[in-house]
Amino acid sequence: MQNYQKNMYKLATRLWPLNRSLAGKPTYDTLKILKENIKKLKIKKIRSGKKVYDWKIPYEWKANSAKIIDEDNKTILDYKNNNLHLVTFSNSFNGKLKFKELKKKIYTLKNIPNAIPYRTLYYKKDWGFSMSYNQYKKLNRKKNYKVIVDTTFKKGFMRYGELYIKGKSKKEVIFSTNICHPSLANNELSGPVIMTYIAKLLSNKKNNYSYRFLFIPETIGSIAYVYYNLKKVKKNFLAGFNCICLGYKKGYSFLPSKYENSISNFFATESLKKIKEKYKEYSWLDRGSDERQYCSPNIGLDFASLMTAKYGEYKEYHNSLDKLGTTVTSKGLYRGYKLIKSLVDTIESEIFPMSNFLCEPQMSKRGLYPNVGGGLPSKFTSDIMNIISYCDGCT
591 MQNYQKNMYK
601 LATRLWPLNR
611 SLAGKPTYDT
621 LKILKENIKK
631 LKIKKIRSGK
641 KVYDWKIPYE
651 WKANSAKIID
661 EDNKTILDYK
671 NNNLHLVTFS
681 NSFNGKLKFK
691 ELKKKIYTLK
701 NIPNAIPYRT
711 LYYKKDWGFS
721 MSYNQYKKLN
731 RKKNYKVIVD
741 TTFKKGFMRY
751 GELYIKGKSK
761 KEVIFSTNIC
771 HPSLANNELS
781 GPVIMTYIAK
791 LLSNKKNNYS
801 YRFLFIPETI
811 GSIAYVYYNL
821 KKVKKNFLAG
831 FNCICLGYKK
841 GYSFLPSKYE
851 NSISNFFATE
861 SLKKIKEKYK
871 EYSWLDRGSD
881 ERQYCSPNIG
891 LDFASLMTAK
901 YGEYKEYHNS
911 LDKLGTTVTS
921 KGLYRGYKLI
931 KSLVDTIESE
941 IFPMSNFLCE
951 PQMSKRGLYP
961 NVGGGLPSKF
971 TSDIMNIISY
981 CDGCT
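Note that my numbering gives residue 617 to position 27 of the sequence shown, counting from 1, and the numbers run on in steps of one.
Spelled out as structure tokens, the structure:
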């Protein structure tokens with residue numbers, strides 16, 4: 591246990607500084623580091639501008655520098671001090687602004703005055719900064735400010751990672767996690783770190799089922815994946831899980847698939863029972879991550895979400911307080927690992943019989959039903975036929 595805790599935290603620490611986004615070098619570097627730990631991970635790419643359903647694959651983004659400087663040439667804010675200071679996917683800008691103009695471009699959290707919020711401009715051409723409300727209050731309303739935002743966009747690729755582990759059965763379980771948030775410990779790093787070690791676990795044993803791991807940018811990543819792979823995935827799909835927010839220091843959470851009596855929901859609830867700790871169950875109406883895409887109309891993949899603290903439900907969510915060493919520790923990462931391992935153990939222990947016949951098999955030619963009609967079958971035959979009638983691969 592101690593080695594797992596230590597190694598997971600070490601991996602998280604290595605990934606922490608990378609300013610990940612939907613597409614760009616830091617996200618690619620993240621996948622390359624994960625591949626060092628999962629040798630058979632395939633890094634795949636989709637070209638910028640490619641239309642996937644109602645969306646387009648974004649350009650690669652790079653943040654070079656971003657500063658706010660006052661009239662006394664004092665740097666008030668520097669993106670290099672915290673990735674969250676610059677709104678992700680900001681355009682370049684260089685100019686002087688009055689305070690009343692600048693404040694429109696600054697995001698704060700008045701209710702958490704010492705936290706820097708995480709904000710994005712993925713689908714709008716603009717720029718912005720984030721800072722703590724306490725820092726914002728210190729700005730001089732009468733001064734002008736020089737603003738420098740140096741970013742670049744290039745037509746390249748959105749990348750994601752995929753790992754397939756073949757089991758005894760072709761029926762497969764999909765684990766999906768995100769790789770697009772900068773410097774957020776529970777909401778971002780806990781997912782890919784823990785799923786890396788779950789993948790390592792399953793890669794080194796013989797499994798009853800097959801497993802597919804996806805390391806993708808949120809929303810656009812899941813949309814693009816199903817765009818290219820839906821037919822292939824549906825062929826052998828058994829269950830799916832969106833695995834994010836897995837490293838919080840306390841609590842367990844479950845957001846069910848919208849398909850109430852589903853295999854994914856069954857696996858999730860059974861694994862939570864094995865943990866033997868209280869957990870909070872949410873409704874499908876509380877969804878907010880990639881389960882939205884997988885379970886959406888016309889896609890219809892049965893995805894549930896297992897978490898420690900659910901996104902949006904803890905005060906450090908999407909702000910600078912969600913950091914390694916406080917919100918997420920090595921012990922917290924192991925708690926998340928233990929939850930997903932319990933899920934894997936549950937999956938591996940269950941079987942879902944599927945009849946090989948269309949309609950009922952003819953029992954009489956097998957000596958299991960009277961050849962003379964009008965009578966009743968034996969209790970043994972009735973029991974067999976009852977069992978077969980439920981062999982539909984469902985819970």
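Note that beta-carbon positions come from the ideal geometry of N, C-alpha and C, so glycine has one too. For clarity, every value in this text was computed on a predicted model and none was experimentally measured.
Where residue i falls: helix, strand or coil (DSSP)
{"i": "Val677", "result": "coil"}
{"i": "Gly746", "result": "coil"}
{"i": "Asn909", "result": "strand"}
{"i": "Ile937", "result": "helix"}
{"i": "Pro707", "result": "strand"}
{"i": "Asn654", "result": "strand"}
{"i": "Leu836", "result": "coil"}
{"i": "Phe947", "result": "coil"}
{"i": "Tyr924", "result": "helix"}
{"i": "Asp740", "result": "strand"}
{"i": "Met598", "result": "helix"}
{"i": "Ala899", "result": "coil"}
{"i": "Glu752", "result": "strand"}
{"i": "Trp874", "result": "helix"}
{"i": "Glu661", "result": "coil"}
{"i": "Thr917", "result": "coil"}
{"i": "Gly781", "result": "helix"}
{"i": "Asn768", "result": "strand"}
{"i": "Ile647", "result": "coil"}
{"i": "Lys641", "result": "strand"}
{"i": "Leu667", "result": "strand"}
{"i": "Ser793", "result": "helix"}
{"i": "Ser972", "result": "helix"}
CB of residue i within 8 angstroms of CB of residue j, strictly
{"i": "Tyr799", "j": "Ile937", "result": "yes"}
{"i": "Ile788", "j": "Val934", "result": "yes"}
{"i": "Gly612", "j": "Cys770", "result": "Note on residue identity: the sequence assigns Leu, not Gly, to residue 612. A contact, by the Cβ cut-off of 8 angstroms."}
{"i": "Tyr884", "j": "Ser979", "result": "no"}
{"i": "Gly926", "j": "Tyr901", "result": "no"}
{"i": "Phe805", "j": "Leu667", "result": "no"}
{"i": "Ile628", "j": "Thr786", "result": "yes"}
{"i": "Ile930", "j": "Leu896", "result": "yes"}
{"i": "Lys866", "j": "Tyr750", "result": "no"}
{"i": "Tyr723", "j": "Leu699", "result": "yes"}
{"i": "His908", "j": "Pro648", "result": "no"}
{"i": "Trp836", "j": "Gly781", "result": "Position check: residue 836 holds Leu in this sequence, whereas Trp was assumed. Yes; because the gap between Cβ atoms is below 8 angstroms, this pair is in contact."}
{"i": "Ser793", "j": "Lys596", "result": "no"}
Distance, residue j Cα to residue i Cα
{"i": "Leu774", "j": "Lys913", "result": "6 angstroms"}
{"i": "Ala829", "j": "Ser680", "result": "37 angstroms"}
{"i": "Lys695", "j": "Asn776", "result": "27 angstroms"}
{"i": "Asp534", "j": "Lys652", "result": "Lying outside 591 to 985, the shown extent of the chain, residue 534 is not represented and no answer is given."}
{"i": "Val677", "j": "Arg709", "result": "5 angstroms"}
{"i": "Glu650", "j": "Thr742", "result": "8 angstroms"}
{"i": "Thr767", "j": "Asn701", "result": "29 angstroms"}
{"i": "Ala899", "j": "Tyr838", "result": "6 angstroms"}
{"i": "Tyr713", "j": "Ser638", "result": "13 angstroms"}
{"i": "Asp876", "j": "Lys870", "result": "12 angstroms"}
{"i": "Ser720", "j": "Lys728", "result": "14 angstroms"}
{"i": "Cys833", "j": "Asp740", "result": "34 angstroms"}
{"i": "Glu906", "j": "Thr917", "result": "8 angstroms"}
{"i": "Tyr842", "j": "Asp892", "result": "21 angstroms"}
{"i": "Arg604", "j": "Asn672", "result": "16 angstroms"}
{"i": "Leu779", "j": "Leu608", "result": "11 angstroms"}
{"i": "Leu923", "j": "Gly915", "result": "11 angstroms"}
{"i": "Pro772", "j": "Lys733", "result": "31 angstroms"}
{"i": "Gln725", "j": "Asp662", "result": "17 angstroms"}
{"i": "Gly718", "j": "Arg882", "result": "28 angstroms"}
{"i": "Tyr872", "j": "Asn851", "result": "15 angstroms"}
{"i": "Lys690", "j": "Asn730", "result": "11 angstroms"}
{"i": "Lys756", "j": "Glu950", "result": "32 angstroms"}
{"i": "Leu631", "j": "Tyr735", "result": "47 angstroms"}
Cβ of residue i within 8 angstroms of any chain B Cβ
{"i": "Lys928", "result": "Absent from the structure: chain B. Only one protein chain is present."}
Limits of the unbroken alpha helix (DSSP H) element including residue i
{"i": "Lys825", "result": "810-826"}
{"i": "Arg731", "result": "First-last for Arg731: undefined, no H or E at that position."}
{"i": "Lys866", "result": "Element bounds for Lys866: n/a, residue is neither H nor E."}
{"i": "Asn851", "result": "Segment: none, Asn851 is in no alpha helix (DSSP H) and carries neither H nor E."}
{"i": "Arg956", "result": "No alpha helix (DSSP H) holds Arg956; DSSP gives it neither H nor E."}
{"i": "Asp619", "result": "615-627"}
{"i": "Gln952", "result": "No alpha helix (DSSP H) contains Gln952, which DSSP labels as neither H nor E."}
Expected contact under 8 angstroms - CB spacing of residue i and residue j to nearest Å
{"i": "Val737", "j": "Leu601", "result": "Val737 to Leu601, Cβ: 36 angstroms. No contact."}
{"i": "Lys761", "j": "Asn826", "result": "5 angstroms"}
{"i": "Met748", "j": "Ala814", "result": "7 angstroms"}
{"i": "Ser932", "j": "Ser861", "result": "4 angstroms"}
Heavy atom of the ligand NAD within 7 angstroms of residue i beta-carbon
{"i": "Leu804", "result": "For the ligand NAD, the structure offers nothing, since it holds no ligand at all."}
Span of the beta strand (DSSP E) around residue i
{"i": "Lys688", "result": "683-688"}
{"i": "Leu804", "result": "800-806"}
{"i": "Ile702", "result": "Ile702 -> no beta strand (DSSP E), and no H or E assigned at all."}
{"i": "Arg637", "result": "632-637"}
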